[in-house]
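Participant: Protein chains in written order, with this note's numbering: chain A, -15 to 317; chain B, -15 to 317.
1. Alpha helix (DSSP H) containing residue 222 of chain B: first to last residue?
2. Cα-Cα, which of A:242, A:293, A:22 is closest to residue 228 of chain A?
3. Starting from residue 24 of chain A, find everything on chain B with Cβ-Cβ shorter than 7 Å and list it in chain order.
4. For the segment 147 to 160 of chain B, list every residue whose C-beta sits within 7 Å of some C-beta in chain A, in sequence order.
5. Run down chain A in chain order and give the residues with a C-beta less than 7 Å from the C-beta of residue 39 of chain B.
6. How about the segment 185 to 198 of chain A and the segment 253 to 269 of chain A: do they share at least three Cβ pairs that are nearer than 8 Å?
7. Taking residue 21 of chain A as the query, report the chain B residues whose CB atoms sit under 9 Å from its CB, ordered along the chain.
8. Using DSSP with H/G/I as helix, E/B as strand and the rest coil, what is residue -8 of chain A?
9. Closer than 7 Å between beta carbons: that is the criterion. Which residues of the segment 193 to 215 of chain B meet it against chain A?
10. Given this structure, state the Cα-to-Cα distance separating residue 237 of chain A from residue 176 of chain A, to the nearest angstrom.
11. Helix, strand or coil for residue 98 of chain A per DSSP?
12. So, under 8 Å CB-CB, residue 245 of chain B and residue 150 of chain B are touching, yes? Tell me the CB distance rounded to an integer number of Å.
13. Extract the residue ranges of the alpha helix (DSSP H) inside the segment 165 to 212 of chain B, only unbroken runs of 4 or more that lie entirely within it.
14. Under three-state DSSP, which class holds residue 266 of chain B?
15. Residues in the segment 244 to 259 of chain B with C-beta within 9 Å of chain A's C-beta atoms, listed in sequence order?
16. Flag this pair as yes or no: are the beta carbons of residue 203 of chain B and residue 240 of chain B separated by less than 8 Å?
17. Does any C-beta atom of chain B lie closer than 8 Å to the C-beta of residue 124 of chain A?
18. Look at the Cβ atom of residue 79 of chain A, then the Cβ atom of residue 88 of chain A, and state whether they are nearer than 8 Å.
19. Use the C-beta contact count for residue 270 of chain A: other C-beta atoms within 10 angstroms, 16 or more gives buried, fewer gives exposed.
20. Would a check of beta-carbon distances place residue 145 of chain A closer than 8 Å to chain B?
21. Using a beta-carbon distance below 8 Å, is residue 32 of chain B in contact with chain A?
22. Where does residue 168 of chain A land, buried or exposed, given buried means 16+ other C-beta within 10 angstroms?
23. Taking the alpha helix (DSSP H) that residue 246 of chain A falls in, what are its first and last residues?
24. Nearest chain A C-beta to residue 78 of chain B closer than 8 Å, yes or no?
25. Report the residue from B:251, B:26, B:191 whose alpha carbon sits nearest the alpha carbon of residue 155 of chain B.
26. Chain B beta carbons: is any one of them nearer than 8 Å to that of residue 50 of chain A?
27. From the DSSP output, read off the bridge partner residues of residue 135 of chain A.
28. Compute the distance between the beta-carbons of residue 17 of chain A and residue 108 of chain A, then report whether it is under 8 Å.
29. Would you tell me roughly how many angstroms separate the C-alpha atoms of residue 327 of chain B and residue 72 of chain A, rounded to the nearest one?
30. Would the beta-carbon of residue 64 of chain B fall within 8 Å of that of residue 191 of chain B?
31. Using a Cβ-Cβ distance under 8 Å, would residue 226 of chain B count as near chain A?
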């Protein structure tokens, strides 16, 4: 007997909506919009992010579950980058009628599972037909106004903090495309890298440590979803400052060191992208406290300077400083 | 001399973002998200809507400006349908690299012009590459918690109010596709119909009248973006009630009467869609006050009943009541 999978066009929009409502809180569904409360005195933070088939994900390296997880993680990371705790997300989905219903359900499972870890949920959405699968998410969060983290808030003398290792997502992709390259790694090391690519974690856990280490605030920062180099460059551009990054202070994960050369590890750390760590700029002593609180992978990697260029220096050698540019960064067009 | 238009891929993501920032408030751009305040005591309302090329719009009948206008109007209408005043929208845009930059600028002009009319703006966005143009919007508004309009709030005995004429958008589309059919209409009548299709108006203007006419609230309702029949059916389904619609009470615009037969005008009024009026259920005497306050096109069109079916009756004739269904309504797949 031949069971062909149920397709979106078989159950139509209403049928699909009914299935997907299982992934949303019961009290929220059915109206034109979702209603919820922002804590008194808090500001609302809104971010949006669009994922497109064959641009941001492909069936070859990503399951529908992981597409959902990564879409949720990317949006929660944008909230974390502003210092905000999540209130919910909406999902605008465009998809072809001949897509399997199970693909859409797995996408929602991935979204819901990731959101659950951070005690938030899908609060609304829209579905329509398109030749290209597109997942457009808007995420809402709240933050006390004086705690908003902004790209423009970095000041000369600030320490530059990374909340974790970089290059792991890029390494995970490499292992998925060429499993033979990781044969000499322990199973658990392979898993760390692949998981960093498939199910990255937004660093919302860092925020309570940050408020404790530096309650006065005015923190500069953003997330490193487009790469560590991109984050430092964007922060410096928006703040009208420069930076010195100490090459030997960039934390390199043991699994990454084992997979590739030091040169390649540096390249992936700077330009790999999709690591979803936070890059934060604050005075050196709270920065030191913060790094200790976060632990594994967190480090002070450099200093904000007045001169408007970004230098990669190596204090242990006599080689000249390199100037960092976006030339190797990610371009969408 | 041959000037070929500038394409998105010529100026890349950063170049396009710079051009589009002209359409956003100055203080809001550059971070991962937008930050704003919800009035103390108000609830946040969030809605989302996705428009796809060749499904919701086509170059043949819609300019980029009108795509933008309609996208903004549809989302503001979703806010109005919940009783909320707008705070802002985010725009997630997917587009091919060989699209003209001017198309994207006109889209944003249409969005911004419509938002301006309702004193709100674009507060954030994301742009990425895709084979299919997709415009995903999330809109945010605020409403006092006891004023939230919900589909589930209709009660037997409520009057059913429409805030305006229906079928005009469908008639405008007909005139755009077959201009010869409208030759016997006055110029201004043609304009009314075409404008209803190209630049529909969300009924945010109705809300102050509604609060004044019925301050106690618990209002049932939604907008008629998928058609008047669809709105009545959805409200009845969510509220577990039925309705009687009086055929002779359905307001028909003079321009529509002149364009088509009474039968066709009824069909377009019920199933045409994209009129973006509000369908509201509240007790008869505040309903009457509301209709008088709104004026032109507003009317009480029927009554909410306990029996769970929707009847279209004609009190002036002996013909039997018709049962309304969604069979002729809009399906996305």
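From the three backbone atoms N, C-alpha and C, an ideal C-beta is built for every residue, glycine too.
Facilitator: Taking the coordinates as given:
1. 212 to 223
2. A:293
3. 24
4. none
5. 112, 113, 114
6. yes
7. 22, 26, 27, 28, 129
8. helix
9. 206, 207
10. 10 Å
11. helix
12. That pair is no contact at about 16 Å.
13. 171 to 182, 190 to 197
14. strand
15. none
16. no
17. yes
18. yes
19. buried
20. no
21. yes
22. exposed
23. 246 to 255
24. yes
25. B:251
26. no
27. Looking at the DSSP assignment, residue 135 of chain A forms no beta bridge with any residue, so it has no partner.
28. yes
29. Residue coverage of chain B in this structure runs from -15 to 317, which leaves residue 327 of chain B outside it and unanswerable.
30. yes
31. no
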